[in-house]
Amino acid sequence: MLGSASDANIAFADIRSLLLHLGFEERIRGSHHIYRKAGIGEKVNLQRAGDKAKPYQIKQVRGIILNYKSAGE
89 MLGSASDANI AFADIRSLLL HLGFEERIRG SHHIYRKAGI GEKVNLQRAG DKAKPYQIKQ
149 VRGIILNYKS AGE
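Residue 89 is where the sequence shown starts when you use our numbering, and the numbers rise one by one after that.
Laid out in structure tokens, this is it:
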């Protein structure tokens, strides 16, 4: 997930599980799954593309995880 080579092949269920494991709270509004976590100003908005997550949203999640990790939290 931290490499961008497979962004189009990441299952929606896998990215959802990762965010929940990292402590994000999920809110579902229609087809949008919105994730927030205290201490992180950005929200994550995911939508399904079949059984996969959309590649640009994987890139967004990766950026948040890397920024969060580099901040030492």
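The beta-carbon is built from N, C-alpha and C at its ideal position, and this holds for glycine as well.
- If the five residues before and after residue 156 are omitted, its C-beta is found closer than 7 Å to the C-beta atoms of 128, all from its own chain and listed in chain order.
- In the DSSP assignment, residue 149 is bridged to no other residue.
- For residue 116, the beta-bridge partners assigned by DSSP are 121.
- In this structure, the alpha-carbon of residue 109 lies about 23 Å from that of residue 138.
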